[in-house]
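Worksheet: one structure, shown below.
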Amino acid sequence: MPSLPKEPHGSPPYPPPPPLPSHLSASCPGGSGAALLLGQGVGRNRCRAAHAGLRSCRCVEAEDGGRRSEVGEPEAQAELSCCSALSCLSVCPCVCARVLDRPQRPSCGCVACTVLLSLAILLAVVVTAALLFLNHSPVPGTAPPPVVSTGPAGANSALVTVERADSSRLSITIDPRCPDLADGFARLEGAQASVLRALTERPAQARRAGAPGQELLDTLADQLPRLLARASELQAECTGLRKVHSALGQGLSTLQSEQGHLIQLLSESQGHMAHLVNSIGDFLDALQRDRGLGRPRVKADLQRAPARGVRPRGCASSPPPRDCLDVLLSGQQEDGVYSIFPTHYPAGFQVYCDMRTDGGGWTVFQRREDGSVNFFRGWEAYREGFGKLTGEHWLGLKRIHALSTQATYELHVALEDFDNGTAYAHYGSFGVGLFSVDPEEDGYPLTVADYSGTAGDSLLKHSGMRFTTKDRDSDHSENNCAAFYRGAWWYRNCHTSNLNGQYLRGAHASYADGVEWASWTGWQYSLKFSEMKIRPAREGR
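Heads up, the sequence shown is in our numbering, so the first residue is 355 and it goes up one at a time.
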């Protein structure tokens, strides 16, 4: 059909269609309102006559270019095509509202949407069913095979863990200290039986697990007997160790018994020796009383040299001086270096003699005064001696031993701080290695007693201790006190005096590693001057 001409601009709207005939009012409800509705917005719709006998109405194009309505023969299902334009409404009054009630054919888009929605619903149902199925069925390859593992259970035991196919675990602790392993064997055998039973009862799961899972299960079945065999070997070894331990215990008991017997014999021997000494003493007392010699001092008289006296100078028959007291008695009154010849050191050596302090006659064996000499030395240096006799020096352990064992000696320790304050400590008896057969092997032990003075006692606690150097540790400390406190001394654990320590010049931040005399200046003050000197005690002169 040719297109309709456009209406001129500003032309009045088409009048509404005339009302429908009365015989169509039942089949076309709404009357002209329905036609007006179609005219207002429904184009190219078709309607069908609802009643037989209704003539078809269509718009035709006249020869003069106009339009007219043509009524045809009655057709029950005739389509009205005169509704394609608003201009037809005025000449085709048969248009009715039933055009809206005519069922329309669904479009391709609607069909596609319906199909896609159906597929989505079907896919959701399939996925849900699959998830439910997987939740109730084991996934192939996810069921872990039984695992046997070992690890440390503690400081003295080992842990063997068997993880079964049903995820339960069996842990067995093996103690290398030879416990009773019967319970452990029973548990291992039970684990083996459980694993074999699991292998038998769950073949389907093993097949679903695949070849790798089956290989692991077979390996586990092979390892369990080997584990039991190894445990049996360990039990045999533990049994052997028990036997050895028992034998060692018996041997130790025998040694302890013999030790007790020896201690008893030594105690008895000491008792007999004391009785013998008393008997000899009584015999000598009686002998000397008979001779009118007075009460003897057996040990002192045997050890000491003959009584000292003033010797005339230049007397050829005079014996050589044994110490500085002999030098003093020979007429020398000045401080200085002299040669002496101790009884147990006939070759002699030089010493510095103090002839002024408390009557003089002091043999100096240690002096600190300016820090010019390094005192942090080893065993050999302290045994032989070092330094300069007129300045800082150490006489040497073997020379001090030779001096102190020829008579009963007293010790004088002179001290001075950096404020020119002075103090002293005096000990009535002193010795180095007094009772030693081999003094160097014994470590030159110190013996002091009978303190008096103004500096306080900082040496008695060292009595009985061996001499310690940085390369020879003889103290009671876990560490080497000489190395720790930078000196050499008769350390115990560790010291109350350290006169051979570092020369630190007064107060210092470090602890107890200077020239210390703790009872006077504490452990963090290094003294300016110290001098240790000995002479025979008055009773030994």
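Positions of the beta carbon are idealized from the N, C-alpha and C atoms, including for glycine.
- Message: Determine whether the beta carbon atoms of A777 and W877 lie at a separation below 7 Å.
- Response: no
- Is it right to say S758 is buried, meaning 16 or more other beta carbons lie within 10 angstroms of its own, or is it exposed? buried
- Three-state secondary structure (DSSP) at C848? coil
- Message: Measuring only the C-alpha atoms, how far is L788 from F730?
- Response: 26 Å
- Residues in its own chain within less than 6 Å of T823 by CB, not counting five upstream and five downstream? G732, W733, Y736, A836, A842
- Message: Quick check: what's the CA-CA separation for A866 versus N852?
- Response: 8 Å
- Kindly indicate the opening and closing residues of the alpha helix (DSSP H) around W874. 872-875
- Message: Could you tell me the alpha carbon to alpha carbon distance between R753 and G603, rounded to whole angstroms?
- Response: 49 Å
- Message: Is it buried or exposed, G714, if we count other Cβ atoms within 10 angstroms and call 16 or more buried?
- Response: buried
- Query: What do you get for C467, buried or exposed, if any count of 16 or more other CB atoms within 10 angstroms of its CB means buried?
  - Reply: exposed
- Query: Going by the CB atoms, is the gap between W716 and G809 shorter than 7 Å?
  - Reply: This sequence places Ala at residue 809; Gly is not what is there. Going by C-beta atoms, A809 is not nearer than 7 Å to W716.
- Please go through the same chain and pick out, in chain order, the residues whose beta-carbon is closer than 8 Å to the beta-carbon of P660, but skip the five residues on each side of it. The predicted model places P660 with a pLDDT of 48, which falls under 50 and marks its position as unreliable, so this point remains unresolved.
- Segment contact, 8 Å Cβ cut-off, at least three pairs: the segment 718-725 with the segment 881-888: yes
- According to the neighbour-count rule (16 or more other Cβ atoms, all chains shown, within 10 Å of its Cβ), is M819 buried or exposed? buried
- Task: Output yes or no for whether 7 Å exceeds the beta carbon distance between Y706 and V727.
- Result: no
- Query: Out of R889, K815, E794, which has the shortest C-alpha to C-alpha gap to T801?
  - Reply: K815
- Task: Verify whether the separation of the beta carbon atoms of Q760 and P675 is less than 7 Å.
- Result: no
- Distance between G745 and E723 (C-alpha atoms, nearest Å): 7 Å
- Message: So for I888, helix, strand or coil by DSSP?
- Response: strand
- Message: Which of the three DSSP states is assigned to S770 in this structure?
- Response: Ser is not the amino acid found at residue 770; the sequence shown has Glu there. E770: strand per DSSP, three-state reduction.
- Query: Is the Cβ-Cβ distance between A779 and V767 less than 7 Å?
  - Reply: yes
- Status (buried if at least 16 other CB within 10 Å, exposed otherwise) for E795: exposed
- Query: Would the beta-carbon of Y781 fall within 7 Å of that of L751?
  - Reply: no
- Query: Given a threshold of 16 other Cβ atoms within 10 Å of its Cβ, counted over all protein chains shown, does P579 qualify as buried or as exposed?
  - Reply: exposed
- Nearest-angstrom beta carbon gap, Y879 and A861 [assumed within contact, 8 Å]: 5 Å
- Query: DSSP puts T295 in a beta bridge; with which residues?
  - Reply: No statement about residue 295 is possible, as the shown extent of the chain runs from 355 to 895 and does not include it.
- State the Cα-Cα distance for the pair K597 and D827, rounded to the nearest angstrom. 40 Å
- Same chain, Cβ closer than 8 Å to D572, five either side skipped, listed in chain order: none
- Query: Between which two residues does the alpha helix (DSSP H) harbouring A836 extend?
  - Reply: 835-839
- Is the distance from the Cβ of N847 to the Cβ of H830 below 7 Å? yes
- In this structure, what does DSSP give as the bridge partners for A777? L769
- DSSP bridge partner residues for L800 (one or two, in chain order): V786
- What are the residues that DSSP puts in a beta bridge with T717? C707, I888
- Task: Look up Y692 in the DSSP assignment and give the residues it is bridged to.
- Result: V705
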